[in-house]
Amino acid sequence: MIKITDLEKFYRTEEVETIALNKLSIEVKKGEFVAIMGPSGCGKSTLLNILGMLDDPDGGSYMFNSVEVAHFNERKRADLRKHNIGFVFQSFNLIDELTVFENVELPLIYTGVPSSERVKRVEEVLDKMQIMHRRNHYPQQLSGGQQQRVAIARAVVNKPKLILADEPTGNLDSSNGNEVMELLTDLNEHGTTIIMVTHSEHDARYSHRIIRLLDGQTVMENIMI
Amino acid sequence: MIRNFLKVAIRNLWRNKNFSAINITGLAIGMAAAMLILLWVQNEISYDRFYEKTNRIHIVYSRDKNNGKIDVWNRTTALLAPALKKDYPEVEDAVRFRPVYFLMTFGEKHLNVQGSFADSSFLSVLNFPFLKGNAKTALNDNHNIVITNKLAIRLFGKTEAMGKTVRIDSADNFTVAGVLKDLPGNTELEFEYLLPWTYITKLGWDNNQTWSSSNAATYVLLKKGISREAFDEKIKNIVRHHKKDGDGSTREVFTQPLSMAHLYSKSENGKLIGGRVETVKLFIAIALVILAIACINFMNLSTARSEKRAKEVGIRKVVGARKNSLIMQFIGESTILALIAFIIAICLVQISLGGFSEVVGVPLFINFGNLYWWLFALAFILFTGLIAGSYPAFYISSSRPAEVLKGTFKNASALIKPRKLLVVLQFTFAIILIICTIIVERQLQFARSRDTGYNKGNLVYIFSQGDVIKNYRLIKHDLLSTGAAVAVTKTFSPITRVWGTATGLSWQGSTEADKKLNFLLFEADDDFAKTTGAKLLQGRDIDINSYPTDSTALLFNEAAVKAMHLQDPVGKTIKNANGVNCHIIGVLKDFIIESPYDEVKPMIIQGLSTGYPVVHFRLNPANSVGIDLAKAEKIFKQYNRQYPFEYVFADEAFARKFREEQQDSTLSALFAGLTVFISCLGLFGLATYMAENRKKEIGIRKVLGASTSSITTLLSLDFIKLVLLAIIIASPIAWWTMNTWLQGYTYRIQVEWWVFVMAGFVAVAIALLTVSFQSVKAALMNPVRSLRSE
Ligand SMILES: Nc1ncnc2c1ncn2[C@@H]1O[C@H](COP(=O)(O)OP(=O)(O)OP(=O)(O)O)[C@@H](O)[C@H]1O
Ligand SMILES: [Mg+2]
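Residue numbers (the numbering used here), protein chains in the order written: chain D, 1 to 225; chain R, 1001 to 1790.
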């Protein structure tokens, strides 16, 4: 599903040039659950952003479903993204001015799903995430675990083929964290490909495969049994 | 999608109530000010455009050489209109209009009202709408009169006006044959009644009408498809053609669309190049500046806020929003704000319209029934929304989501710089306006306090009407003997106006060039200096009653003596243009009769010859003004029973010369105040935002030991620097503008440096006051709280 070869990313500031990704090559197959680990600053988030087409690479190739997307313009990337990819962030990233329901509904609005269908689908996922009773609350009124469940609901409401999660349990206690991991595993079992960045060996154990990064390069891949 | 945008927009507004309030208030005030000004502009440019045949109606101007310059004026000879009609096939009609003041009598009612003589087809060309009667017949009969509704009510009250008979000047009777709707405010023509032109002939007022006369306004209705330029070329020399003696007259005539007459009245080199239109342009510019300042506020505050919304934008992008839809969202939001501001602005306009109308001296109103007005309003809102929302919209939505999601923009300074620039721009405008206000006001004070050269206090004049002239000796005697007045004189025109000029004078040793010298001409019978308080420097006052030869006596002012290079003028003989020898009997100190801003021009006062003089008298300072006037009224009523006692105070008439400048001054103060206020709102909002954003920084500084005052200074200094920069930019611009403005006045102040210092000081003080509130508040905040909240 995803194949990157010799991917490069530099950050230039006035004084220094940071090489965030150094000729990185990775392949992820459809239906896989991959964890990415590595020390802080090794380029995990950078990689995830590029995979999610939130950022563009400075070199190398990125094949998404056998299409070269490295040179896509902003508009094409937005279109591809909204139909295929869901995001989950460490800091939840919900819109404070929108209710739980409206936050989850947002991707459907952008993909042009009609209103009645939207209500149905949003209610469906909220139900699945067990936060239906909070549908009219605003993010600030929820606990961290609940917020993350809303974020996951929003990531999956469009039935994306790929979910990218950047330290999804980073801000949660262990029981909430486990709950989130269960949700992701469940999604994966129903066919969604998942790429997750994590610092926790515990969480990584939920995945099929761990890719370890150091200074923007793969150092090791562990296959989980 | 739209619903979603709206929802977020409204919730955003609500969550940041204070912020939104500041934002909307600033914009609303700016819009209201711009709207008021544009209403005025709209009124100005709508003058005389409401006739059915507006496009074909033209007014004829005369142009002639005078003291080496070419003068242009909007009167012609009464012979012109008939000649145009007769000899030029291009002309569909040509009508005359000659303003006049008559006493109108109906029963016991006597009213002194301005009206006009007009040709019978006048109302078919300039079709002022009738309430009763019609344009075809109303002025056809020699004994008909057409009056406005206002006059009808004044004369007849609620009773039917048509068919009633009014007496004109206690001499002739006229029958009301038409009632016009009251004239609209936007016409240059002024009259409450129209009399048939034939009445002039009956009065014998046009007996000595020649081709050099110019006492009628002539309006030409050209046939369809006629080019005005070509027609002008044809009629240019019409005066010369008709002058039998061909005396080398340089008089020319030309036309101008009547709808332009109001805007273009000033001439240069014989062409109408400016006038009111300059003020209109200036006002449009000011309206745009105020609106721009309000929009800048709006942009500034919106961008400040948008940083907070970076996260929202990032998330929207992550879940699939396209750039365009985000731009739409931001612009949509600012348009909603603009709409709210617009609604408030309309309320503000409605509230302040009365006061503003008074300041500008014309009644203004919003015409809500006009479709164009609504279209304009719509365009106005969209435009403001677009301008105000564009910067945040494009800036934020073109950022990369990966960056944005980190919380704020990496390069937040990229947003701060333009924002600072905008503040500088705003304060530049504000400071320019403050400086202009000070200078306009000072120039006004300066001209006001100028010595007029005569004593205008306690001086009263009346226009002689009815039996005043016949009984003048008795009136004067009684005024003096009853102690109502201490001096009385008859003159050609009021002491504040000049109605005549003289040229072609020669004297011993004068040259041919001296003949071209142009003098202001004034006439008086006796006691002129005594009554007005003008100072005699040499010789004596005119006294045609004691000295029969004084009908050829002349008083000169200093300027005239200087222009003629005369030594010992008293006793010298001057030959006037008609070849009559006159003698100089005295020299008066220069006194201001025309513009208080100009040098005093050479002037001659000769023995009174006019049949319609103006009677001046100086009230007795021993009594109160009220008592003097009551006595005077009794005397005038006794000798001139039919006419109301209508008097004018010389100082009030003089003060009217300052009306325009007074208006300029009031308006510039108003605009300056508004600009400063709007700018401060913006600054306040920005300071609020900054303080909030730097909460954490302030907290840390305090933990590390910074004092409250050092933090206040730190926060305020940022803004003060901007204002100082604005002062530096504004000063030369204001200096140039005001210098140019002052060039229009011969008698004027110098632009002084302290004005700039003062304006700068005011600006800094205001800015400091605005900002310090927020700075102090932020500095006093408990650091534990601000740090925890991060
Ligand atoms: N916008 C940026 N400008 C400059 N350098 C950046 C930028 N974003 C990331 N970097 C640098 O790129 C490198 C990789 O950053 P990245 O955020 O991908 O690390 P990470 O592996 O996600 O770390 P962590 O585990 O702490 O989240 C780091 O050295 C970081 O300093
Ligand atoms: Mg990271």
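We put the beta carbon where it would ideally sit given N, CA and C, even for glycine.
Review point. Candidates R:M1758, R:P1129, R:Q1042: which alpha carbon is nearest R:T1279's?
Key: Cα-wise, what sits closest to R:T1279 is R:Q1042.
Review point. What is the DSSP secondary structure of D:R135, reduced to helix, strand or coil?
Key: Secondary structure of D:R135 (DSSP, three-state): coil.
Exercise for review: Let me have the residue list for ligand 1: C-beta closer than 5 Å to any non-hydrogen atom, ordered along the chain.
Suggested key: After applying the 5 Å Cβ criterion, the set is D:Y11, D:T18, D:A20, D:S40, D:G41, D:C42, D:G43, D:K44, D:S45, D:T46.
Review point. Closer than 7 Å, CB to CB, is R:I1340 near chain D or not?
Key: Closer than 7 Å: no.
Check your understanding: Skipping 5 residues on each side, what residues in its chain have a beta carbon closer than 6 Å to that of D:G177?
Key -> Excluding sequence neighbours, D:G177 sits near T169.
Exercise for review: Taking R:H1477 as part of the alpha helix (DSSP H), name the residues at either end of that continuous run.
Suggested key: Boundaries of the alpha helix (DSSP H) harbouring R:H1477: 1472-1481, taken from the DSSP string.
Check your understanding: Between the Cα of R:K1164 and the Cα atoms of R:N1269, R:M1104, R:A1078, R:P1184, which residue gives the shortest distance?
Key -> Here the closest residue by C-alpha is R:M1104.
Practice item. Taking C-beta pairs closer than 8 Å, name the residues in chain R that D:I95 reaches, listed in chain order. Key: Residues of chain R whose Cβ lies closer than 8 Å to the Cβ of D:I95 are, in chain order, V1008, K1311, E1312, I1315, R1316.
Exercise for review: State the DSSP-derived secondary structure class of D:D203, mapped to helix, strand or coil.
Suggested key: Look at D:D203 here: in three-state DSSP terms it is helix.
Review point. If you draw a straight line from the alpha carbon of R:E1633 to that of R:F1645, how long is it in whole angstroms?
Key: If I take the Cα positions, the gap works out to 6 Å.
Review point. For D:P107, which residues in chain R fall below 8 Å Cβ to Cβ?
Key: Simply V1319, G1320.
Check your understanding: Which chain R residues are close to D:K30, counting only those with a beta carbon under 9 Å from its beta carbon?
Key -> For D:K30, none of the residues of chain R pass the 9 Å Cβ criterion, the least Cβ distance being about 21 Å.
Check your understanding: Can you tell me the Cα-Cα spacing of D:L54 and R:I1315, whole angstroms?
Key -> Answer to the nearest angstrom: the Cα atoms are 11 Å apart.
Practice item. Kindly indicate which three-state DSSP category R:T1529 falls into: helix, strand or coil? Key: In the sequence as presented, Thr is not what sits at residue 1529 of chain R; that position holds Ala. Of the three classes helix, strand and coil, the one that applies to R:A1529 here is helix, per DSSP.
Check your understanding: Under 7 Å between C-beta atoms, does R:N1693 make it to chain D?
Key -> Among the residues facing chain D, R:N1693 is not included, as its CB has no counterpart in that chain under 7 Å away.
Check your understanding: For D:N93, which residues from the same chain have a beta carbon less than 7 Å from its beta carbon, with the 5 sequence-adjacent residues on both sides left out?
Key -> Once the five neighbours on either side are set aside, the close Cβ partners of D:N93 are A151.
Exercise for review: Quick one: which residues of the segment 1002-1033 of chain R get their C-beta closer than 8 Å to a C-beta of chain D? List them in chain order.
Suggested key: So the close ones are N1004, K1007, V1008, R1011, N1012, R1015.
Check your understanding: How many Å lie between R:L1382 and R:A1135 at the Cα?
Key -> It is roughly 45 Å from the alpha-carbon of R:L1382 to the alpha-carbon of R:A1135.
Check your understanding: Using Cβ-Cβ distances below 7 Å, what residues of the segment 70-86 of chain D are close to chain R?
Key -> For the segment 70-86 of chain D, the set of residues with a beta-carbon nearer than 7 Å to any beta-carbon of chain R comprises E74, R75, A78, R81, K82, in chain order.
Check your understanding: Whose CA, out of R:P1089, R:L1348, R:V1349, lies closest to the CA of R:G1225?
Key -> Comparing Cα positions, the closest option is R:P1089.
Check your understanding: What are the start and end residues of the beta strand (DSSP E) that includes R:H1241?
Key -> Judged by DSSP secondary structure, R:H1241 falls outside any beta strand (DSSP E) and instead within the alpha helix (DSSP H) spanning 1238-1242.
Point to revise | Those runs of the beta strand (DSSP E) which lie wholly inside the segment 1544-1616 of chain R and span at least 3 residues | key: For the segment 1544-1616 of chain R, whole beta strand (DSSP E) runs of length 3 or above, ordered along the chain, are 1553-1557, 1573-1575, 1581-1588, 1603-1607.
Check your understanding: Is the segment 1447-1463 of chain R in contact with the segment 1611-1628 of chain R, if contact means three or more CB pairs nearer than 8 Å?
Key -> Taking 8 Å as the limit for Cβ pairs, the verdict is that the segment 1611-1628 of chain R does touch the segment 1447-1463 of chain R.
Point to revise | Delimiting residues of the beta strand (DSSP E) encompassing D:T99 | key: Here D:T99 belongs to no beta strand (DSSP E), and DSSP marks it neither H nor E.
Check your understanding: From this set, R:I1343, R:K1317, R:N1455, R:N1557, which residue's C-alpha is nearest D:A78's C-alpha?
Key -> When each option's Cα is compared against that of D:A78, the closest is R:K1317.
Review point. Taking Cβ to Cβ, would you say R:L1422 is nearer than 7 Å to R:I1344?
Key: For R:L1422 and R:I1344, no; Cβs fall outside 7 Å.
Review point. For R:V1179, which beta-bridge partners are listed by DSSP?
Key: R:K1132, R:I1147, per the DSSP bridge assignment.
Point to revise | Cβ-Cβ separation, R:S1046 to R:N1186 (assumed contact under 8 Å), whole Å | key: For R:N1186 against R:S1046, the beta-carbon gap comes to about 5 Å, under 8 Å, which counts as contact.
**Study point:** Assigned exposure category for R:N1411 - 16 Cβ within 10 Å defines buried
**Key:** Below a pLDDT of 50, predicted positions are generally treated as unreliable, and R:N1411, at 48, falls in that range; no measurement from the model is reported.
Check your understanding: What is the DSSP secondary structure of R:E951, counted as helix, strand or coil?
Key -> The first residue shown for chain R is 1001 and the last is 1790, placing residue 951 of chain R beyond what the model contains.
Review point. Is the distance from the Cβ of R:L1433 to the Cβ of R:F1761 below 7 Å?
Key: No, the Cβ-Cβ distance between R:L1433 and R:F1761 is not below 7 Å.
Check your understanding: D:R154 touches chain R at which residues, Cβ-Cβ below 8 Å?
Key -> Correct list: V1319.
Check your understanding: chain R beta carbons: is any one of them nearer than 7 Å to that of D:Y62?
Key -> For D:Y62, the answer is no, since every Cβ of chain R falls outside 7 Å of its Cβ.
Review point. Measuring CA to CA, which of R:H1565, R:V1751, R:I1495, R:D1526 is closest to R:S1551?
Key: For the residues R:H1565, R:V1751, R:I1495, R:D1526, the minimum Cα distance to R:S1551 belongs to R:D1526.
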